[in-house]
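Residue numbers (this note's numbering): 293 to 739. C-beta: ideal position from N, C-alpha, C; glycine also. Predicted, not measured: the structure shown is a model, and the values here were computed from it.
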Ligand code: FAD
């Protein structure tokens, strides 16, 4: 079916949904996603308002053999939440968050952003651990795993997932949890968007008061001392402390976030301010929801990005050399190597308990090229690939599917390891045998 007929078929069937086809005045607005590199032209964007819209769209895509992209926050690095010619199923209007404070539970729509969850949580004094940028989508982040400031204390986002309402490839609406469709629930916790369209997540929440954050900027010339000191201090950190750094060609920004009792904050955080002589620094108490928005502008929509990550056990001399060498040829001032400390509660869960793979890692790194002009695409992508390749050589075998600008079977098998991939492939054959949901880090069905 051609793009015009597909748009017409969607409009006739989806009475409550909003169809943005190529003739729509806001087509260009709604076809965009976060990464400016992903400039695609779908036949139509369905702005679903209800579970029923989602089910009808899935059925039409399956019946017509149309390419189907599923979008929540639009932050897919390789641009897998959009497509050329096919349908984009945009869930951003299904973004409600309902909190039962007494039970410590949040029900979150499949199109909500982290900022929606954080803001509703803040009103109740509760949090669910997620990522570090508030305009990221809950759905894409959660389905891959979800790591951020509170993962060492409360676990990955999937470790706080109690259940998922999902529309499968045959249009059924299923509830998956530890007691209902447990195999599917296992796969949804790390297997990405391979098994269906999630319309609602149910999360466990935790009480959290103000946190304490220290942030210091060092000259890149001091990187050796700063990174050695960072590793020394972070290695024995309690799980209430999470640290990260962003290393660019000119500077190293080190941040430490304390989520324990206020009296313990200074002793845990302040030492990160004297790893060398900082150029500037800050230390103080803040609301968690504010920390979550701190990098929103720095990571605004529209710039071109190529990012690739991996898991490290330690930041030893080899890792420091690798990072120094990579950053020395960074293509732009805001291209960086970012490292987030992991461990703690992430490690409390068995590696086999969820599809997510890499729980024993102490750190997660990302080599991120960021630039503006299409003419720089090749140069910047080449840098990102090269930097990531050299860091991958000293990293763990498994990887995080959510932070990979490249995709393909080798990457996906590598991310999960052969044994888990095999289990995921059999699960995929049960729930999506025709591979309708293939615009993702794709798991091919295996019978
Ligand atoms: P989308 O592009 O909307 O979706 C990505 C994929 O998820 C889609 O291709 C689809 O397969 C699937 N999907 C989306 N919605 C649904 C749904 N409702 N049902 C089923 N499948 C769906 N990750 C972290 O863990 N921690 C971080 O701190 C973090 N920070 C980030 C900051 C930025 C600026 C960016 C760009 C990424 C970050 N990430 C982080 C990675 C992030 O987890 C992935 O990019 C994730 O895919 C984003 O989810 P999304 O909903 O915004 O993306």
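Taking every residue with its beta carbon within less than 5 angstroms of a heavy atom belonging to the ligand FAD gives, in chain order, 362, 363, 364, 365, 366, 367, 368, 372, 373, 383, 402, 423, 424, 425, 428, 429, 431, 432, 433, 438, 439, 440, 485, 489, 490, 591, 694, 732. The closest CA to that of residue 590, considering only 625, 360, 698, 616, is found on 625.
In terms of Cβ geometry, residue 614 and residue 697 do not form a close pair [threshold 8 angstroms]. DSSP places residue 578 in the uninterrupted beta strand (DSSP E) bounded by 572-578. Using a Cβ distance threshold of 8 angstroms, residue 567 and residue 522 count as a contacting pair. Distance from the CA atom of residue 580 to the CA atom of residue 414, rounded to whole angstroms, is 8 angstroms.
For residue 523, the enclosing alpha helix (DSSP H) begins and ends at 515-527.
Residues of the same chain with a CB within less than 7 angstroms of the CB of residue 305, apart from the 5 flanking positions on each side, are 348, 352 in chain order.
If you draw a 10 Å sphere on the C-beta of residue 671, you find fewer than 16 other C-beta atoms in it, and that means exposed. Between the region 366-383 and the region 312-327 there are three or more inter-stretch CB-CB distances shorter than 8 angstroms, so the stretches are counted as touching.
With contacts defined by Cβ atoms closer than 8 angstroms, residue 638 and residue 433 do not form a contacting pair.
In the DSSP assignment, residue 549 falls within the unbroken beta strand (DSSP E) covering 543-550.
Runs of the beta strand (DSSP E) lying entirely within the region 372-417 and spanning at least 3 residues, in chain order: 379-382, 389-392, 397-401.
With 16 or more neighbouring CB atoms inside 10 Å of its own CB, residue 491 falls in the buried class. In the three-state DSSP reduction, residue 337 falls in the strand class (E or B). DSSP lists no beta-bridge partner residue for residue 595.
Straight-line spacing of the CA atoms in residue 360 and residue 728 works out to 7 angstroms. CA-to-CA, the gap between residue 556 and residue 565 works out to about 16 angstroms.
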